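Scroll down for the structure; my scribbles are underneath it.
In structure tokens form, the structure reads like this:
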């Protein structure tokens with residue numbers, strides 16, 4: 001019933017799937033909800049597949065997930081279980097956020113909590129913008145690395161490390177500085193994360209264009225250098241014959 005309540009609050013948004021219909025008994029003990037079908041499946045499964053994924057596509061997914069979370073927060077909803085498993089891909093390979101069955105709305109206690117790799121250590125069962133942003137940071141790491149944080153560790157060890165603020169190394173991880181800031185609770189909103197991700201995207205595009213431009217200049221230089229060498233050689237040969 002919590003999910004229906006939340007969907008009735010939320011306006012249509014490109015980062016959500018549509019609730020097609022629902023039915024619930026008077027005592028709210030039995031019912032069903034039918035959602036729009038997403039045939040590609042979860043982002044988590046796609047990341048784990050052998051599909052070739054460009055870094056630019058991964059960054060797009062991070063932006064799309066963050067856009068969706070920003071929309072939820074602006075609507076008074078805390079998701080409470082953000083992770084790539086709760087994101088699906090539509091036919092355009094864009095992220096849609098799903099599963100609000102345990103989410104918080106208007107300050108209600110959540111009915112579920114994040115799994116260890118996405119869980120900000122705190123008194124249970126609270127949730128907040130910051131707990132969602134922590135989980136979003138872990139999700140960004142997961143998307144860029146195609147594996148969750150501390151994939152090789154068990155739940156108890158992850159919880160112990162997170163409690164000590166001992167997070168995975170992100171020095172060589174694309175968008176790692178954003179992930180680290182989410183883990184350290186240094187960012188106040190999903191909108192701020194979105195702006196940082198956009199800045200990363202713009203720098204990446206500029207670097208790509210700069211590289212292509214340098215390549216074009218190098219090709220032109222090599223081409224003109226070859227022409228000049230042939231021209232000079234021809235001139236010298238001509239002078240030699242005159243002499």
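In UniProt numbering, the protein residues as written are 1 to 243.
Every residue gets a Cβ at the ideal spot worked out from N, C-alpha and C, and that includes glycine.
Bear in mind that the values here come from a model prediction, so they are computed numbers and not experimental data.
Proximity of residue 190 and residue 113 at Cβ, strictly below 8 Å: no
Per DSSP, cross-strand counterpart(s) of residue 24: 31
Is it right to say residue 124 is buried, meaning 16 or more other beta carbons lie within 10 angstroms of its own, or is it exposed? exposed
Give the straight-line distance between the Cα atoms of residue 12 and residue 170, rounded to the nearest whole angstrom. 35 Å
Beta-carbon spacing of residue 205, residue 193 below 8 Å: no
Taking DSSP as the reference, what is the three-state secondary structure of residue 153? coil
What is the DSSP secondary structure of residue 97, reduced to helix, strand or coil? strand
Between 115, 8, 1, 122, which lies nearest to residue 25 when the distance is taken from Cα to Cα? 1
Is there contact between the stretch 101-115 and the stretch 42-49, where contact requires at least three CB pairs shorter than 8 Å? no
Tell whether a beta-carbon distance below 8 Å holds between residue 282 and residue 144. Residue 282 is absent from the structure shown; the chain starts at 1 and stops at 243.
Please go through the stretch 35-73 and give each complete alpha helix (DSSP H) segment of 4 or more residues, from N-terminal end onward. 43-48
Counting only the same chain and skipping the five closest in sequence on each side, list residues whose C-beta sits under 7 Å from that of residue 75. 9, 10
Apart from the five residues on each side of it in sequence, which residues of its chain come closer than 6 Å, Cβ to Cβ, to residue 196? 178
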